[in-house]
Each structure stands twice: as C-alpha cells, then as structure tokens.
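Notes follow once the structure below has been shown.
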Amino acid sequence: PLTVHSRPNPNDGAFTLGFPAQSSVGELEVRDLMGRLVWREHIPMLREEYQVQLFGAAAGIYQCSLRWGARFAAVRVVVE
C-alpha cells in the first residue's frame with residue numbers, strides 16, 4: 147500500500163501532502179467527516195509532494211484520498 151503524510155498537521159487549511167512518486171496522473175479528493183466533497187484536483191505525475199490550500203474551510207477533520215489507477219492512499223488532516 148502507498149503511504150501518504152501531511153505537514154503541518156494540524157494546520158490552517160494550507161498543508162503539504164507527501165507520497166511516493168507515481169508514473170501516472172493522480173487524483174486528490176478532500177472530504178469532510180460527513181463525506182461531502184470539498185476539494186478535487188489532479189496531481190501531476192512524478193510528484194512526491196503536493197500543496198493543498200483549503201482556505202475558508204471550516205475547522206474540523208478532513209479525509210484526503212489520493213488515487214493513481216488502482217493505487218490508493220489516504221490521510222486525515224485537522225484544520226484549526
């Protein structure tokens with residue numbers, strides 16, 4: 147399985163996701179704890195980090211899911 151990490155965590159809505167580089171374009175989805183999609187974006191191939199800016203997002207816990215074809219990773223982030 148792929149491993150992904152977030153820093154800083156907790157954060158103010160701006161954070162960096164780190165993960166192993168992949169040879170295909172990926173997709174990032176960020177959902178709140180109710181499962182509502184709050185952000186979706188493509189991740190360029192061969193990247194090992196990706197900056198996310200959820201400015202204006204309500205304080206709480208969010209699930210970041212990354213997918214490259216059948217490969218999948220997820221991490222929770224706390225927005226204060």
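Be aware that the sequence shown starts at 147, since it is given in my numbering, and climbs by one per residue.
Glycine residues also receive a C-beta, built at the ideal position from the N, C-alpha and C atoms.
Shortest Cα-Cα distance from G172 to any of A220, V224 and E226 involves A220. Rounded to whole angstroms, the gap between the alpha carbons of V225 and P154 is 10 Å. In this structure, V198 is the residue among F218, P190 and V198 with its C-alpha nearest to the C-alpha of D158. For F201, the closest alpha carbon among the candidates P156, W214 and A160 is that of A160.
Under the three-state reduction of DSSP, T149 is assigned to coil, being neither helix nor strand. Relative to G181, the option among G215, L148 and S211 whose CA is nearest is S211.
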